[in-house]
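Colleague: Residue numbers (my numbering): 1 to 298.
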């Protein structure tokens, strides 16, 4: 079936609410990194879902939070700007029966934009009684007149068909924006760098991974179809460099091995990955570094 309609949809919410898990589940491929640490997503990531004659372009945004540095300011700005100029907004919340401060700010922004909004209550697999879900719906219905409320579990892939059905209602007649088979607008290099960063988020404790950035310095497809990747991990302190490398290089090897497996799955071919670790002190407060690591102002 050919695509005759499209809808641009922003997915927003507080950090760690399941935005990237939902995006990956809807797209059917890992295009956004996922970890149990907040503020995993730094850039706006675009996922593409074709359903019948409709193409949905989903914008995954960084979690809305109180910024502590210039990188944080950039992430909040990306989220704010993503709510304007789209056909619909999905606000993802946890099943808690009161509207938190980040949600209040996002609801206010949605109200000011006048964009149609769907309330998506994630993690419903953690709810024991139906009354608990009704209390969540009641709290948010008082805060904003949402077009629809869709309870889901992104992790268990429950409720996703209902959500896609609601989103298709906002599609406008128009040409196909992305070709068949394309699931994201991110360059392969960027996805690869984000996968390396995800493995740091999963393997390192506390604040260290948030002070890291990954630069892909080499990305070459050889004649034998093996892709050669060289990745430089930047951290903010010498002591962090030692932790990332680990005793006898064990931690860096673990991060690299896990990353290579995921990159091979994403690229569909064998990958040769080399990683290095360098120190760039306080890079999160230096806009030149922030831009050089791919966090560009539009």
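Virtual Cβ for every residue (Gly too), placed ideally from N, Cα, C.
Since residue 47 sits in a beta bridge, which residues does DSSP pair it with?
Modeller: Translated into the one-based positions of the chain shown, residue 47 becomes position 47. Residue 47 is bridged to 58, 184.
Colleague: Measure the C-alpha to C-alpha separation of residue 179 and residue 152 and round it to an integer number of angstroms.
Modeller: Residue 179 sits at position 179 when you count from the first residue of the chain shown. Residue 152 sits at position 152 when you count from the first residue of the chain shown. About 28 Å.
Colleague: Can the beta-carbon of residue 279 be found less than 8 Å from the beta-carbon of residue 245?
Modeller: For this step, residue 279 is matched to residue 279 along the chain shown. For this step, residue 245 is matched to residue 245 along the chain shown. No, Cβ-Cβ distance for residue 279 and residue 245 is not below 8 Å.
Colleague: Please go through the same chain and pick out, in chain order, the residues whose beta-carbon is closer than 8 Å to the beta-carbon of residue 137, but skip the five residues on each side of it.
Modeller: Counting from 1 along the chain shown, the entry for residue 137 is found at position 137. Result list for residue 137: 119, 121, 149, in chain order.
Colleague: Answer yes or no: do residue 89 and residue 168 have a C-beta to C-beta separation smaller than 8 Å?
Modeller: Sequence index remark: in the chain shown, residue 89 carries index 89 (1-based). Sequence index remark: in the chain shown, residue 168 carries index 168 (1-based). Against a cut-off of 8 Å, the Cβ pair of residue 168 and residue 89 comes out as no contact.
Colleague: Do we get a CB-CB distance below 8 Å when we pair residue 268 with the residues of chain B?
Modeller: Checking the listed chains, one finds no chain B in this structure; it contains a single protein chain.
Colleague: Under the DSSP definition of a beta bridge, which residues are partnered with residue 216?
Modeller: For the purposes of this step, residue 216 is identified with residue 216 of the chain shown, where counting begins at 1. Beta-bridge pairing links residue 216 to 231.
Colleague: Among the candidates 93, 271, 200, whose CA atom is the shortest distance from the CA of residue 250?
Modeller: Position 250 of the chain shown, counted from the start, is the residue given in the question as residue 250. When each option's Cα is compared against that of residue 250, the closest is 200.
Colleague: Does DSSP put residue 8 in a helix, a strand or coil?
Modeller: The residue labelled residue 8 in the question sits at position 8 within the chain shown. In the structure shown, residue 8 sits in a strand (DSSP, three-state: E or B).
Colleague: So, residue 5 versus residue 281, is the Cβ gap smaller than 8 Å?
Modeller: By 1-based counting over the chain shown, the position of residue 5 is 5. By 1-based counting over the chain shown, the position of residue 281 is 281. Their beta carbons are not under 8 Å apart, which means residue 5 does not touch residue 281 by this criterion.
Colleague: Is residue 23 near residue 56, with beta carbons less than 8 Å apart?
Modeller: Start at 1 with the first residue of the chain shown, and residue 23 comes out as number 23. Start at 1 with the first residue of the chain shown, and residue 56 comes out as number 56. Their beta carbons are not under 8 Å apart, which means residue 23 does not touch residue 56 by this criterion.
Colleague: Leaving aside the five residues before and after residue 126 along the sequence, list all residues of the same chain whose C-beta is less than 7 Å from its C-beta, in chain order.
Modeller: Stepping through the chain shown from its first residue, residue 126 is reached at position 126. Here the set comprises 95.
Colleague: Along the chain, where does the alpha helix (DSSP H) that runs through residue 149 open and close?
Modeller: Indexing the chain shown from 1 puts residue 149 at position 149. Taken as a continuous stretch (DSSP letters only), residue 149 belongs to no alpha helix (DSSP H), being part of the beta strand (DSSP E) at 148-151.
Colleague: Quick one: give me the first and last residue of the alpha helix (DSSP H) that residue 110 is part of.
Modeller: Position 110 of the chain shown, counted from the start, is the residue given in the question as residue 110. From DSSP, the alpha helix (DSSP H) with residue 110 extends over 101-113.
Colleague: What would DSSP say about residue 281, mapped onto helix, strand or coil?
Modeller: By one-based count along the chain shown, residue 281 stands at place 281. Three-state DSSP puts residue 281 in coil, outside helix and strand.
Colleague: Express the C-alpha separation of residue 128 and residue 318 in angstroms, rounding to a whole number.
Modeller: Nothing about residue 318 can be read from this structure; the chain reaches only from 1 to 298.
Colleague: Quick one: Cα of residue 28 to Cα of residue 183, how far?
Modeller: Within the chain shown, the letter at position 28 stands for residue 28. Within the chain shown, the letter at position 183 stands for residue 183. When rounded, the distance between both Cα atoms is 9 Å.
Colleague: Sorted by chain position, which residues of the same chain lie with C-beta nearer than 6 Å to residue 196's C-beta, five sequence neighbours on each side aside?
Modeller: Taking the chain shown and counting its residues from 1, the one referred to as residue 196 is at position 196. 214, 231, 259.
Colleague: What residue does the alpha helix (DSSP H) around residue 250 start on, and which one ends it?
Modeller: What you label residue 250 is simply residue 250 of the chain shown in a count that begins at 1. 250-267 is the span of the alpha helix (DSSP H), which, as asked, contains residue 250.
Colleague: What's the gap between the Cα of residue 141 and the Cα of residue 255?
Modeller: Translated into the one-based positions of the chain shown, residue 141 becomes position 141. Translated into the one-based positions of the chain shown, residue 255 becomes position 255. The straight-line gap from Cα to Cα measures roughly 43 Å.
Colleague: State the start and end residues of the unbroken alpha helix (DSSP H) segment that holds residue 27.
Modeller: The sequence position of residue 27 within the chain shown is 27, counting from 1. Looking at the DSSP string, the run of the alpha helix (DSSP H) that includes residue 27 is 19-27.
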